[in-house]
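Undergrad: In the working numbering, the protein residues as written are 5 to 132.
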């Protein structure tokens with residue numbers, strides 16, 4: 005199981021090389037942890053709630069259209085790329101990167117972090 009104090013260092017590991025922020029949020033938009041502390045992280049955390057709403061809508065729509073579960077969404081914005089991956093039934097990993105980040109780097113790091121968090125949350129969600 006993952007301890008709450010280990011979430012920020014875990015998210016910090018996926019930042020760098022053009023990825024400048026990462027967060028773990030619930031599907032309701034509640035912030036569980038961020039990669040950075042300080043004023044900038046609070047601004048990004050506010051945006052994380054909005055991104056959670058958008059991504060859950062896209063994933064729900066994708067589920068309806070493809071009849072399969074979407075695990076990753078990448079949103080291209082004017083000043084950044086945003087990668088969002090599911091990390092369990094009610095948890096998302098969100099990362100922001102520069103538009104010039106190497107192709108595939110954002111997806112691979114966000115998916116790896118989401119997989120790690122999902123594995124850590126399985127004992128909490130798995131009925132015994």
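Glycine included, each C-beta is placed from N, C-alpha and C at the ideal position. This one's a predicted model, so the numbers in the text were calculated from it and none came from an experiment.
1. Compare the Cα-Cα distances from residue 110 to each of 90, 12, 19, 13 and report the closest residue.
2. Under the three-state reduction of DSSP, which class applies to residue 117: helix, strand or coil?
3. Which partner residues of residue 85 appear in the DSSP bridge assignment?
4. Please confirm whether residue 22 and residue 56 have their CB atoms less than 8 Å apart.
5. Is it buried or exposed for residue 117, if we count other Cβ within 10 angstroms and need 16 for buried?
6. Nearest by alpha-carbon distance to residue 75: which of 83, 82, 96, 58 is it?
7. In terms of alpha-carbon separation, which member of 98, 90, 99 lies closest to residue 119?
8. Would you please state the rounded distance, in angstroms, between the beta carbons of residue 101 and residue 125? I believe it to be under 8 Å.
TA: To lay it out plainly:
1. Put simply, of 90, 12, 19, 13 the residue whose alpha carbon is nearest the alpha carbon of residue 110 is 19.
2. It is helical.
3. Looking at the DSSP output, residue 85 sits in a beta bridge with 80, 101.
4. No. Outside cutoff.
5. With a 10 Å radius around the Cβ and a threshold of 16 neighbouring Cβ atoms, residue 117 comes out buried.
6. When 83, 82, 96, 58 are compared, the shortest CA-CA separation from residue 75 is found for 96.
7. Out of 98, 90, 99, the CA that lies nearest to the CA of residue 119 is found in 90.
8. Not really, about 24 Å apart at Cβ, beyond 8 Å.
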